[in-house]
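Participant:
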Amino acid sequence: MSTENVSAQEAVNRLVGAQETTAKRINKLEGQVDELLEKFIGHHEQNANADATEIETENNGKINVEASNASKIIKLESQIDEMSKAFQEYREQNISSTRTEFQTVFDRMESMQALNASYFDEAASKYEESKRQWRHMCTDMNNNMNCILNKLEAITGTRNMAANTDGNIGHPLQTTTYPTTGGSGHSFQTNPYLVEAEEKQQATTQSIFPLNGVKHSIIIPPSSAAPAFHGKQSESPTQFLIRVQEYAESVHAWDHPTLLNGISQFLRDSALEWYCQLRMSRSRPKTWVEFTNLFMAQFNSPVRKAKQEQEWHECKQKEDETINEFLVRLRALWREQKPKETEADLVKHLFCRMRNDLLNMIGTPRHVSVDELMAEVQQIEEILYRRAKNQRSLNKFKQSSPMEVERSTGKYVSDDYSRRINSRPNQEQMRHNYVKETKAYQVNE
1 MSTENVSAQE AVNRLVGAQE TTAKRINKLE GQVDELLEKF IGHHEQNANA DATEIETENN
61 GKINVEASNA SKIIKLESQI DEMSKAFQEY REQNISSTRT EFQTVFDRME SMQALNASYF
121 DEAASKYEES KRQWRHMCTD MNNNMNCILN KLEAITGTRN MAANTDGNIG HPLQTTTYPT
181 TGGSGHSFQT NPYLVEAEEK QQATTQSIFP LNGVKHSIII PPSSAAPAFH GKQSESPTQF
241 LIRVQEYAES VHAWDHPTLL NGISQFLRDS ALEWYCQLRM SRSRPKTWVE FTNLFMAQFN
301 SPVRKAKQEQ EWHECKQKED ETINEFLVRL RALWREQKPK ETEADLVKHL FCRMRNDLLN
361 MIGTPRHVSV DELMAEVQQI EEILYRRAKN QRSLNKFKQS SPMEVERSTG KYVSDDYSRR
421 INSRPNQEQM RHNYVKETKA YQVNE
């Protein structure tokens, strides 16, 4: 740094000059600062004015929007009020019209119901009247028919009574045939149980049961028709096994394995307890044949066997028992007591146990079948019935007209006698031989 030697005056002048220069610069800087401050203030004022203007504009826009929205809301409220008023008016009109329509429909329904009731009452009365007339007509026809037949019977004495059986129903249908003596040759047939049988046949319920792709018609019996076995001595185990197999095949279409699995449904009391014990034991049957063997060994007790044996030895045809009824009773005991015998043995038992009046009139050899023997015995029963009927007719009309009674009865007695004479050769000799052989067979038995 260099030093210069100057005088004090010059130094003062220099300092004053430097101070003036500095003051000028400061003034210049202050002017620039003032200018900048004025610009900043002006700019700030402009911005403030612009912001205020924008805020005012926004406020004015919001106010305008709110005013327009308020006017729209007022307009919508007025429209809603008008619509609600219109809807209320429409609703009131619709309710009134609907009530009127409902009342009209209800009145029409009442009138139609009353009209239908009157029609139904009229139809029911007509039906009852026609039914009553029909019954009265049938009664009159039956009375007239019976009167005519009684007169014919009184004159000829040839009224023939026969029985017929309807296989579909299982009930006997009494059919009576009355041959006439005139030239027409017609016969009257009456069946008092035909209507009842037809109603029972129509009441039978049938359904279609598909089995292996093939439809089978089966009859659905009531639940009470299912066979049941309680294990009592009075029950027949053989009859139960037959019934339960038929019931399972016809109603449920079960085979033997299925029936073996469901046999407990048909057992009760001690029989069911025995089956439950059998199921839990190791000797459970595998097939239906094994079950039937065990079942018969369990419930065919010695007491029951002894009772059946006594019934077998005492089994005779009763006086009021037909040969068909006796054969059913005898065959049931015969199957229990003589399971190894054949039909020929059954024929011998029939000869030994039938009534003496039938046995004395039989002209059939011993080697015939059961059906042939039954046909012959039925003819004999018919002859005996005609004899008894002719005897009653004789006792009834004995006092009225002796000539007619003698003529009518003598004819059929002679016919009966000629039929007996011509039916078999050597009738008396054969009868004595059969009586002798049957007595010997009965003693050996």
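Here the sequence shown stands for residues 1 to 445, where the numbers follow full-length UniProt numbering.
Think of the CB as a built atom: it goes at the ideal place given N, C-alpha and C, for glycine as much as any other residue.
1) Which partner residues of Phe229 appear in the DSSP bridge assignment?
2) Which of helix, strand or coil does DSSP assign to His349?
3) For a test of the three-state rule: what should DSSP assign to Glu196, helix, strand or coil?
4) In this structure, how does DSSP classify Val105 when only helix, strand and coil are distinguished?
5) Counting along the chain, where does the alpha helix (DSSP H) carrying Trp312 start and finish?
6) Can you find at least 3 beta carbon pairs, one from the stretch 267–279 and one from the stretch 364–384, that sit closer than 8 Å?
7) Suppose contacts are defined by Cβ-Cβ distances below 9 Å. Is Phe229 in contact with Leu267 by that definition?
8) Among Gln308, Asp320, Asn360, which one has its Cα closest to the Cα of Arg331?
9) Are the Cβ atoms of Pro237 and Met141 separated by less than 9 Å?
10) Could you tell me whether the Cβ atoms of Gln233 and Val289 are closer together than 9 Å?
11) Ends of the alpha helix (DSSP H) at Thr342?
12) Can you name, in chain order, every residue of its own chain whose Cβ lies under 6 Å from the Cβ of Val244, other than the five neighbours on each side?
13) Distance, Cα to Cα, Leu15 vs Glu35?
14) Let's test the definition: count the other Cβ atoms within 10 Å of the Cβ of Ile26 and tell me whether it reaches 16, buried, or not, exposed.
15) Closer than 8 Å by C-beta to His43: which residues in its own chain qualify, once you throw out the five before and the five after it? Chain order, please.
16) Check each candidate in Gln310, Glu319, Glu101, Ile41 and name the one with the smallest Cα separation from Leu333.
17) Hey, Val328 and Met354: beta-carbon distance below 9 Å or not?
18) DSSP on Gly17, reduced to helix/strand/coil?
19) Taking just the CA atoms, how far does Lys126 sit from Glu235?
20) Exposed or buried, what is Ala11 when buried is set at 16 or more other beta-carbons lying within 10 Å of its beta-carbon?
21) Taking the beta carbon of Gln317 as the centre, do at least 16 other beta carbons fall within 10 Å, making it buried, or is it exposed?
22) If you follow the alpha helix (DSSP H) that Ile383 is part of, which residue opens it and which one closes it?
23) How many whole angstroms separate the CB atoms of Ile383 and Ile362, which I take to be in contact at a CB cut-off of 8 Å?
24) Which same chain residues end up closer than 6 Å to Ser71 when comparing Cβ atoms and leaving out the 5 residues on each side of it in sequence?
25) Pull up the CB-CB distance for Ala225 and Phe397, whole angstroms please, since I reckon it's below 8 Å.
26) With DSSP collapsed to three states, give me the class of Glu273.
Facilitator: With the structure as the only source:
1) Leu267
2) helix
3) Caution is warranted here: a pLDDT of 45 is assigned to Glu196, below 50, making its placement in the model unreliable, and no coordinate value can be reported.
4) helix
5) 302–313
6) no
7) yes
8) Proximity to Arg331 across Gln308, Asp320, Asn360 peaks at Gln308, based on C-alpha coordinates.
9) no
10) no
11) Taken as a continuous stretch (DSSP letters only), Thr342 belongs to no alpha helix (DSSP H), as it is neither H nor E.
12) Pro227, Phe266.
13) 30 Å
14) By the neighbour-count criterion, in which 16 or more other beta carbons inside 10 Å mark a residue as buried, Ile26 falls on the exposed side.
15) none
16) Gln310
17) no
18) Looking at Gly17 - three-state DSSP - the assignment turns out to be helix.
19) 53 Å
20) exposed
21) buried
22) 370–397
23) 12 Å between Cβ atoms; not a contact.
24) none
25) The Cβ separation is near 49 Å, so there is no contact.
26) Secondary structure at Glu273: helix, using DSSP grouped into helix, strand and coil.
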